[in-house]
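Numbering of the sequence shown is given in the working numbering, commencing with residue 6 and proceeding in unit increments. Down below is the structure, laid out as structure tokens.
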Amino acid sequence: MTRLTQRDLDEAVESGLISADQRRGLIDLAARHHPAEGAPIDDEPFELFQGFAEIFISLGLVILMAGVGGLLETLVAKGLAPFSLLLISIVAGHYYARHRRMTLPSITALIGLTISFVWFVAPLADGAAFAGGAAPAQLLFISLATFAMLMACFWRYRLPFTMFPAGVSLLVAILAVAELASGNGGKAFLSDGFFDFRENLGAALGILGFGLLALAAALRFDMRDPLRVG
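Structural data, given as structure tokens:
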């Protein structure tokens, strides 16, 4: 019997024979029933892109978002650029991650989504009176909102790169909480003395806790891999 590869399944999704959910279901079924059979020598290949087409598409996305954002911000109305870039990133990310299964364009769209989302949410946090308008409180609101948005993207599209900006946003939130708990009013937040762990125990414990949490999440994700037979 002819064996199907993941590229065959990708072509089946593109041609409409099966859906993306059915593709993932078939891969999971094969992994459960044949965990070690047919595994290549390098069973965890790192593929940032599968061809030059993905590079050109990613460059086109960057030029499109930069051009649209610049034109709207300078010629139309200030404040419209982040919303338009957010919309472009959502549409492009959904198309390339869900339908075309292209890695590099999906990462490019995700970066654009993260930047435009922070750009869009920052004025909301600046206009709200979080803890008397302290910078750590505003940054806490922005980072938690960004983290929630990125986790929703990961749940929807399962793009592994999503965990990197999500981890950065969570780390910023932890550091903001440490500064708020210190009672300094945010005056030393992210200054040179903020990372002097001899003086700022809260930041040190926050970074240590984040590192342990990230390690535990990575180990749990790795041990759930059905191809881990050794």
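Ideal Cβ positions, reconstructed from N, Cα and C, are used throughout, including at glycine.
query: Simplified DSSP assignment, three categories, for D201; result: coil
query: Three-way DSSP call (helix, strand, coil) for L210 in this model; result: helix
query: C-beta atoms of A208 and A181 nearer than 8 Å; result: no
query: Any non-hydrogen atom of the ligand GTP within 7 Å of G56 CB; result: Absence of the ligand GTP from the depicted structure is noted, as is the absence of any ligand whatsoever, leaving it without description.
query: Cβ pair S2, T113 closer than 8 Å; result: In the structure as shown, the chain begins at 6 and stops at 235. Residue 2 is therefore absent and cannot be evaluated.
query: Straight-line gap, P128 to G84 (C-alpha atoms, nearest Å); result: 9 Å
query: D227 to L22 span [Cα, whole Å]; result: 31 Å
query: The region 157–168 touching the region 98–114, judged by at least three CB pairs closer than 8 Å; result: yes
query: Top-ranked residue by Cα proximity to A102, from L224, D33, L206 and D26; result: D26
query: Whole-angstrom distance between G172 and A140, CA atom to CA atom; result: 20 Å
query: Three-state secondary structure assigned by DSSP to S63; result: helix
query: L217 (DSSP reduced to helix, strand or coil); result: helix
query: Contacting residues, own chain, Cβ-Cβ under 8 Å from I179 (five flanking each side not counted); result: G211, I212, G214 and F215
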